[in-house]
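> My structure is below; once you've seen it, I'll send some questions.
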Amino acid sequence: MNTYSSTTASNLHVTRNYNLSVTWEKHSPDGFERNVFKINNQFPAPLLEFDEGDKAIVIVNNNSPYALTLHWHGIEQLHTPWSDGVPGISQTPIQPGCSFTYRWTNTQHGPYFYHSHYAGQFNDGLYGPLIVHPKPGTAKPWRFISKDIKTINAIEKAEHDRLPLLLSDWRHGESTLLDEVAKEANADLLCMDSVLVNGKGKVSCLTPAEQQPLIGPGLTRALASVPNAKLTDKSCVPPEALKAFGPPFGIAAPDLELLADFPSIFYGCKATTARAEVTTIKQSVCDKETWQFFDMIGSFGMFAFMVSIDEVDAWIVSLDGNYIEPIPVDAMVIGNGQRFTVLARFKKAKRYTLRLSNLADPQILFGESVIDFQIEGKVQAKTPSKPYIDRRGNPVRGGVLIFDGGVAKPHPSTKIPATVDATYKVTMQLAGALQKWALNVTATPDVENIPTPYLFDPMPGLQDNHTITVPSAASWVDYIMQSAPFGPPHPMHVHGRHFYILGSGDGDFNWPTVAAAAAERPELFNLINPQLRDTYNTPISGPTGSWLAVRRASDNEGAWLLHCHIQSHVQGGMAMVIQDGTDSYPRIPDEYRNYQYGGSMGKK
1 MNTYSSTTAS NLHVTRNYNL SVTWEKHSPD GFERNVFKIN NQFPAPLLEF DEGDKAIVIV
61 NNNSPYALTL HWHGIEQLHT PWSDGVPGIS QTPIQPGCSF TYRWTNTQHG PYFYHSHYAG
121 QFNDGLYGPL IVHPKPGTAK PWRFISKDIK TINAIEKAEH DRLPLLLSDW RHGESTLLDE
181 VAKEANADLL CMDSVLVNGK GKVSCLTPAE QQPLIGPGLT RALASVPNAK LTDKSCVPPE
241 ALKAFGPPFG IAAPDLELLA DFPSIFYGCK ATTARAEVTT IKQSVCDKET WQFFDMIGSF
301 GMFAFMVSID EVDAWIVSLD GNYIEPIPVD AMVIGNGQRF TVLARFKKAK RYTLRLSNLA
361 DPQILFGESV IDFQIEGKVQ AKTPSKPYID RRGNPVRGGV LIFDGGVAKP HPSTKIPATV
421 DATYKVTMQL AGALQKWALN VTATPDVENI PTPYLFDPMP GLQDNHTITV PSAASWVDYI
481 MQSAPFGPPH PMHVHGRHFY ILGSGDGDFN WPTVAAAAAE RPELFNLINP QLRDTYNTPI
541 SGPTGSWLAV RRASDNEGAW LLHCHIQSHV QGGMAMVIQD GTDSYPRIPD EYRNYQYGGS
601 MGKK
């Protein structure tokens with residue numbers, strides 16, 4: 001196992017080796033014991049750290065009873081598409097008792113994370129944080145916060161000592177059972193059990209009286225769709241009201257009799273007193289000011305959350321690993337797969353609360369952790385910290401600064417080509433049942449266990465509902481993601497090269513190109529300095545639908561997945577393959593091409 005020691009000061013890039021052992025063991029993240037995935041006996045999996053420019057060699061030993069892969073979320077895998085970790089696309093699964101070696105060069109910086117891309121294992125806890133420290137000379141936006149050299153030095157130190165906060169929603173049921181129930185019952189199981197921060201949390205149960213003031217308009221409409229419907233004791237919409245979260249037509253009703261055989265999915269809340277994560281920050285007598293970087297990693301399986309740290313001054317300084325001009329913030333919405341780097345300044349010795357509140361209508365769900373700020377020689381204040389948000393993510397008073405993801409300005413500013421070589425429009429919708437999701441009308445077929453991954457058998461001429469092929473690596477392509485009416489926001493994640501966020505809007509995208517749309521509706525677009533992201537939410541969809549437009553380079557040849565990062569959506573089929581640069585595909589190293597279910601590289 002590698003022990004991280006920074007080499008960025010000397011601009012010396014090294015090869016960092018990690019050896020990971022995946023096991024399936026009993027654990028109690030929120031006070032309820034169940035089987036979870038651990039790596040090197042840790043849950044969540046251990047932090048992997050690199051410097052920008054370092055080569056990574058990560059050996060994964062599968063000592064669990066299940067086949068699996070690991071995907072390096074947000075790592076672009078430049079010229080190493082065989083290490084992306086997607087079964088059926090870039091590799092065959094790592095079978096129990098076998099191993100696999102991932103190799104890549106860290107060409108980016110910032111917070112990322114790694115997780116299983118096989119079946120529902122993400123929801124069983126197979127994930128961990130990954131940090132890439134920026135190389136010397138990287139342009140940074142600290143002058144927007146302060147021009148004082150001492151403050152800038154303190155911020156630089158905070159960046160070096162950054163802390164990952166892995167934010168997760170959590171279930172007590174194992175994914176193999178719940179995924180089968182969802183499939184057989186034609187239902188999206190929109191009910192979780194708790195919220196975890198770095199793998200720790202507790203179960204909270206609300207009384208009907210406590211639930212009532214937190215029930216918003218969407219939840220009210222869902223309950224009104226069924227006579228006498230009430231929230232369950234897990235603060236979830238009951239199964240009979242699930243259909244209210246789909247379109248009003250063309251969707252099969254959930255099998256309520258089957259769901260009744262598994263009451264613990266929606267009912268049976270039992271509060272626990274498990275200890276929350278405590279993050280300790282210390283200021284010595286020599287320090288004049290204390291700043292802290294928090295890499296907030298949205299390892300959510302189901303819902304997006306409003307996230308806030310009580311009382312402190314905070315700025316968002318990077319999104320998905322890319323610096324932005326710092327934005328003052330009290331609370332922010334973090335979606336599935338997104339990473340927000342928050343710079344916080346602490347002044348008063350105190351225990352501050354980090355709060356997470358689910359924003360989605362189907363469930364009232366919240367969690368907390370503690371940030372324990374200590375100043376040497378001073379007594380901590382005993383008064384509880386004052387929140388910015390309530391348990392539903394609503395601001396508790398006027399003037400709370402809530403981050404609007406659309407206003408972020410990249411630092412340094414970006415330039416994108418004025419024209420593109422192709423425009424593709426993909427639709428996002430349910431495919432006949434509440435758990436079947438589709439890109440381009442039909443759900444992506446199960447490719448996890450096909451013997452030859454897409455990458456090893458490219459199909460240069462293939463253009464179908466599941467595949468977009470871009471022959472030339474020199475191409476720039478616009479992708480229009482069209483959401484059907486009455487659809488939720490979809491956190492769309494692309495593997496390989498990241499995409500630039502051009503614009504979004506309501507209704508159908510009826511223009512042939514982004515250029516034509518921007519000429520008619522310029523207020524909907526940013527073609528001057530758009531954000532570079534790898535995961536971004538489509539707008540919530542009303543009766544006329546909605547759309548998101550992104551622009552992406554095709555110069556990282558390989559087969560890459562584009563998918564929604566809500567786990568039930570990607571498992572339900574909301575995914576497709578982009579074949580970038582098929583005219584100049586890289587030669588696949590023999591150790592990867594010959595790897596078959598633990599073949600030549602795989603036996604330990």
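Each residue of the sequence shown is one higher than the last, beginning at 1 in the UniProt record's numbering. The beta-carbon is built from N, C-alpha and C at its ideal position, and this holds for glycine as well.
1) TRP560 by DSSP, collapsed to three states: which one?
2) Terminal residues of the continuous alpha helix (DSSP H) containing residue 605?
3) Taking Cβ to Cβ, would you say HIS71 is nearer than 9 Å to HIS495?
4) For VAL203 and ASP30, which I take to be in contact (beta-carbon distance under 8 Å), what is that distance rounded to the nearest angstrom?
5) Count the other CB atoms, across all protein chains shown, that sit within 10 Å of the CB of PRO451; report buried if there are 16 or more and exposed otherwise.
6) Distance check for GLY298 and PHE43, CA to CA, integer angstroms please.
7) Which residues in the same chain have their Cβ closer than 6 Å to the Cβ of SER483, if we skip the five residues on either side of it in sequence?
8) Where does the unbroken beta strand (DSSP E) through ARG593 begin, and where does it stop?
9) By DSSP, does ASN449 sit in helix, in strand, or in coil?
10) Could you tell me the boundaries of the alpha helix (DSSP H) in which LYS150 lies?
11) Thinking just about the alpha-carbon of each residue, which of ALA182, THR582, VAL195 and THR151 is nearest to the one in PRO471?
12) Hey, out of ALA222, ILE251, PRO247 and ALA252, whose CA is closest to PRO238's CA?
13) Do you know offhand how far TYR592's Cα is from HIS73's?
14) From this set, PHE144, LYS157 and ALA56, which residue's C-alpha is nearest GLN108's C-alpha?
15) Which same chain residues end up closer than 7 Å to GLN435 when comparing Cβ atoms and leaving out the 5 residues on each side of it in sequence?
16) Give the range of the alpha helix (DSSP H) segment to which GLY218 is assigned.
17) State the CB to CB distance for the pair ILE528 and PHE403, rounded to an integer number of angstroms; the pair is presumed to be in contact (CB under 8 Å).
18) Roughly how many whole angstroms lie between the Cα atoms of ASN41 and ARG275?
19) What runs of the beta strand (DSSP E), each 3 residues or longer, lie entirely inside the stretch 475 to 527?
20) Buried or exposed for PRO111, going by 16 or more other Cβ atoms inside 10 Å?
21) Among residues of its own chain, excluding the 5 on either side of MET601, which ones have a beta-carbon nearer than 6 Å to its beta-carbon?
22) Can you grab the Cα-Cα spacing for the pair LEU20 / ILE566, in whole Å?
23) So, helix, strand or coil for GLU325, using DSSP?
24) Are the beta-carbon atoms of ARG533 and LEU343 separated by less than 9 Å?
25) Would you call ASP295 buried or exposed, if buried means 16 or more other Cβ atoms sit within 10 Å of its Cβ?
26) Taking the straight line between their C-alpha atoms, what separation do you get for GLY268 and VAL379?
27) Do VAL307 and LEU354 have their beta-carbon atoms positioned less than 9 Å apart in this structure?
28) Figure out for me which residue from SER28, VAL329 and ASP54 has the closest Cα to the Cα of GLY201.
29) Distance, Cα to Cα, GLY599 vs PHE100?
30) Measuring alpha carbon to alpha carbon, tell me which of PRO81, GLY505 and PRO96 ends up nearest ILE89.
31) Spatial neighbours of THR273 within its chain, please: CB distance less than 7 Å, with the 5 preceding and 5 following residues excluded, ordered by chain position.
32) Would you mind reading off the limits of the alpha helix (DSSP H) that contains residue 621?
33) Using a threshold of 9 Å, state whether the C-beta atoms of GLY558 and GLN77 are closer than that.
34) Assuming VAL195 contacts GLY85 (C-beta within less than 8 Å), just tell me the rounded distance between them.
35) Can you pull the DSSP bridge partners for GLN374?
36) What is the rounded straight-line gap between the Cα of GLY335 and the Cα of ASN228?
Reading off the structure:
1) strand
2) Nothing about residue 605 can be read from this structure; the chain reaches only from 1 to 604.
3) yes
4) 5 Å
5) exposed
6) 16 Å
7) MET428, THR538, SER541, GLY545 and SER546
8) Premise fails: ARG593 lies in the alpha helix (DSSP H), 590 to 593, not in any beta strand (DSSP E).
9) coil
10) 149 to 160
11) THR582
12) ALA222
13) 20 Å
14) ALA56
15) ALA182, LYS183, ASN186, ALA187, ASP188, SER568 and GLY572
16) 217 to 224
17) So it is not a contact: roughly 21 Å between Cβ atoms.
18) 19 Å
19) 476 to 483, 491 to 494 and 499 to 506
20) buried
21) No answer about MET601 holds up, because its pLDDT of 44 lies below 50 and its placement is not dependable.
22) 26 Å
23) strand
24) no
25) buried
26) 42 Å
27) yes
28) SER28
29) Note that GLY599 scores a pLDDT of 43, beneath 50, so its modelled location is shaky; the value from the coordinates is reported in the next line. When rounded, the distance between both Cα atoms is 10 Å.
30) PRO81
31) GLY31 and LYS202
32) What is shown of the chain runs 1 to 604, which leaves residue 621 out entirely.
33) yes
34) The pair is not a contact, with the Cβ atoms about 26 Å apart (cut-off 8 Å).
35) LYS282
36) 32 Å
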